[in-house]
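For the sequence shown, the numbering used here assigns the number 19 to the initial residue and increments by one for each residue that follows.
All C-beta atoms in this analysis are idealised placements derived from N, C-alpha and C, irrespective of residue type, glycine included.
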Amino acid sequence: MRRAFIFVTIFVFVICSANVYAGTARTAAPFLSSDGGTRAAGMPDAFTAVPGDIISAFWNPGGLASISERQATIAYSNVSAMFGDASEGMYYALMAFAMPVSDIGVFGTTLQLYGQGTTVKTRAVLVCSSIATAKGIHHYVFFNRDRERISEHGFLETSAFEGAQLKYTWKELEPEKDNYNFSIIQSDLDFLTSKEKKLFIQLQDVSFDISIINVPQYLCEDNNYNGGVAKQYRYEGNDEKNAVPEGWVARRWDPAVQKRFQKLLFALGKEFDGKIEGINLPETSVEFGESGWLFPKGFTFDVYRDAIIENMKILKKAFPKSVTIQYANFMPGEWLPWKNESYLSSVYQSAQELKVGVGGPDLLPYRKGQMNHSYQFIRQSDGIVPTGIAVQWGNYEYTNPKTGKQVTVQELLEFGRDYLKVDYIFWCPQEPYYSERLIPFLQ
19 MRRAFIFVTI FVFVICSANV YAGTARTAAP FLSSDGGTRA AGMPDAFTAV
69 PGDIISAFWN PGGLASISER QATIAYSNVS AMFGDASEGM YYALMAFAMP
119 VSDIGVFGTT LQLYGQGTTV KTRAVLVCSS IATAKGIHHY VFFNRDRERI
169 SEHGFLETSA FEGAQLKYTW KELEPEKDNY NFSIIQSDLD FLTSKEKKLF
219 IQLQDVSFDI SIINVPQYLC EDNNYNGGVA KQYRYEGNDE KNAVPEGWVA
269 RRWDPAVQKR FQKLLFALGK EFDGKIEGIN LPETSVEFGE SGWLFPKGFT
319 FDVYRDAIIE NMKILKKAFP KSVTIQYANF MPGEWLPWKN ESYLSSVYQS
369 AQELKVGVGG PDLLPYRKGQ MNHSYQFIRQ SDGIVPTGIA VQWGNYEYTN
419 PKTGKQVTVQ ELLEFGRDYL KVDYIFWCPQ EPYYSERLIP FLQ
């Protein structure tokens, strides 16, 4: 009897620990890592990435946060084969229940039983009774401007994809001054809503192609806006005099241009705040060199930082209900940790004060440039403001410096979830990785 009692005590400890941390339960007692649901058993560690399933209570309690209705399950397994003849008739059973509790979170309770034969010595242990307030990962597909792809079967049939992130340019939303056209956003929103999916807007004012300008034409033609846009450059080392133009960015620091952009934000908020999941502003990184040789009119590092913060402030005012995120990856005028002018850190600090979410493009586990810049600040923002990271084109082909091999979908997910602790991952549909690796992994 003493041996049985000790066994039960270890059982309670191991199972409770498994419910504290994301991941499969690890234990030397084989049946304690029993399936916990047939779907989970078929996915091994990948099930830690699946939100909205009651079995998340055993694999990753944070996944309970995505449950939107009551769920219950009962399972039974004969585990005697694991222990030999002496354990004939040994069984393992579980019951679980979860339900949303107003806007507090999700209440989940699990009950596990084990015993042998018909003996009355069977014991029941209440393993976990808690409120799951930690958010599970919100998976979105970043279709960029390929809006037609939101009707694809793979996207619509993958329940883990909560919705689509679509890019809309300032130029198409304001074709003429004060003449806004949001019909494409409304069309996309209506379609996604009809399929029980959500919309996340990315508002774009920058291009990475010298032939593309993403701001309204009137900004470029009216002298009051100083051309409306500025060229970005690519150059080798410090050779700024031989720089090559590689795109355009709105004059975000120019008060006249900024006023027009902020008016667009208010117009969008009036139409879509509370109806869309969220909206994000493009990355803060711009490339005008360091010497001043390539600086556009009126640009300084300090003025640019202040403009980014001011736009975040207006974004939050325009969208008090929907999620707001500023992509902040790098800032001109510094390169951490060697040259630290506190530009990037001040953007993140202001975002926390304004309750604006933060994140950025490129999910590249352990890459030094990102680790020294946005990654450290995204990680520090966990639990303070919403956070997100975008898997960009080429990220699936990245070599993980920890393994020396091409990164896997699971490694991308684990780095985003466990290291960066983000709330949102925006996956790009680069083939063949999207169809052959990402979708099967999440389904």
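Local conformation of residue i per DSSP, three classes
i	result
residue 363	helix
residue 195	coil
residue 115	strand
residue 44	In this prediction, residue 44 has a pLDDT of 44, which is less than 50 and means its spatial position is unreliable; what the coordinates show is noted afterwards. Of the three classes helix, strand and coil, the one that applies to residue 44 here is coil, per DSSP.
residue 49	Low per-residue confidence applies at residue 49: pLDDT is 47, beneath 50, and the placement is therefore not dependable, though the value from the model is reported in the following sentence. Here residue 49 sits in helix by DSSP.
residue 39	Residue placement at residue 39 cannot be trusted, given a pLDDT of 40 that sits under 50; what the coordinates show is reported in the next sentence. Residue 39 falls in the coil class under three-state DSSP.
residue 353	strand
residue 141	Residue confidence is low: residue 141 scores 40 on pLDDT, short of 50, so the model does not pin down where it sits. Its coordinate-derived value is still stated next. Looking at residue 141 - three-state DSSP - the assignment turns out to be strand.
residue 295	coil
residue 263	strand
residue 151	The predicted model places residue 151 with a pLDDT of 41, which falls under 50 and marks its position as unreliable; any figure quoted below should be read in that light. Note: residue 151 maps to coil in three-state DSSP.
residue 433	helix
residue 19	In this prediction, residue 19 has a pLDDT of 42, which is less than 50 and means its spatial position is unreliable; nothing more can be read from the coordinates.
residue 221	strand
residue 161	strand
residue 233	coil
residue 120	Per-residue confidence for residue 120 stands at a pLDDT of 47, beneath the threshold of 50, marking its modelled position as unreliable; the derived number appears in the next sentence. Looking at residue 120 - three-state DSSP - the assignment turns out to be coil, as it is neither helix nor strand.
residue 388	helix
residue 414	helix
residue 269	coil
residue 88	coil
residue 372	helix
Delimiting residues of the beta strand (DSSP E) encompassing residue i
i	result
residue 522	Lying outside 19 to 461, the shown extent of the chain, residue 522 is not represented and no answer is given.
residue 183	179 to 187
residue 421	Taken as a continuous stretch (DSSP letters only), residue 421 belongs to no beta strand (DSSP E), as it is neither H nor E.
residue 409	405 to 409
residue 316	It is not in any beta strand (DSSP E) - residue 316 carries neither H nor E in the DSSP assignment.
residue 249	247 to 252
Endpoints, alpha helix (DSSP H) assigned at residue i
i	result
residue 329	319 to 336
residue 306	Element bounds for residue 306: n/a, residue is neither H nor E.
residue 287	273 to 290
residue 396	394 to 398
residue 210	201 to 212
residue 174	171 to 174
residue 457	457 to 460
Residue i vs residue j beta-carbon contact at 9 Å
i	j	result
residue 316	residue 261	no
residue 342	residue 298	yes
residue 263	residue 228	yes
residue 271	residue 233	no
residue 223	residue 274	no
residue 165	residue 447	no
residue 376	residue 395	yes
residue 163	residue 189	no
Presumed contact (8 Å Cβ cut-off) between residue i and residue j, rounded CB distance
i	j	result
residue 441	residue 404	5 Å
residue 355	residue 301	Residue 355 to residue 301, Cβ: 20 Å. No contact.
residue 444	residue 406	6 Å
residue 180	residue 158	6 Å
residue 361	residue 397	Not really, about 18 Å apart at Cβ, beyond 8 Å.
residue 433	residue 381	7 Å
Bridge-paired residues (DSSP) for residue i
i	result
residue 156	442
residue 453	For residue 453, which the question treats as bridged, DSSP gives no partner whatsoever.
residue 379	408
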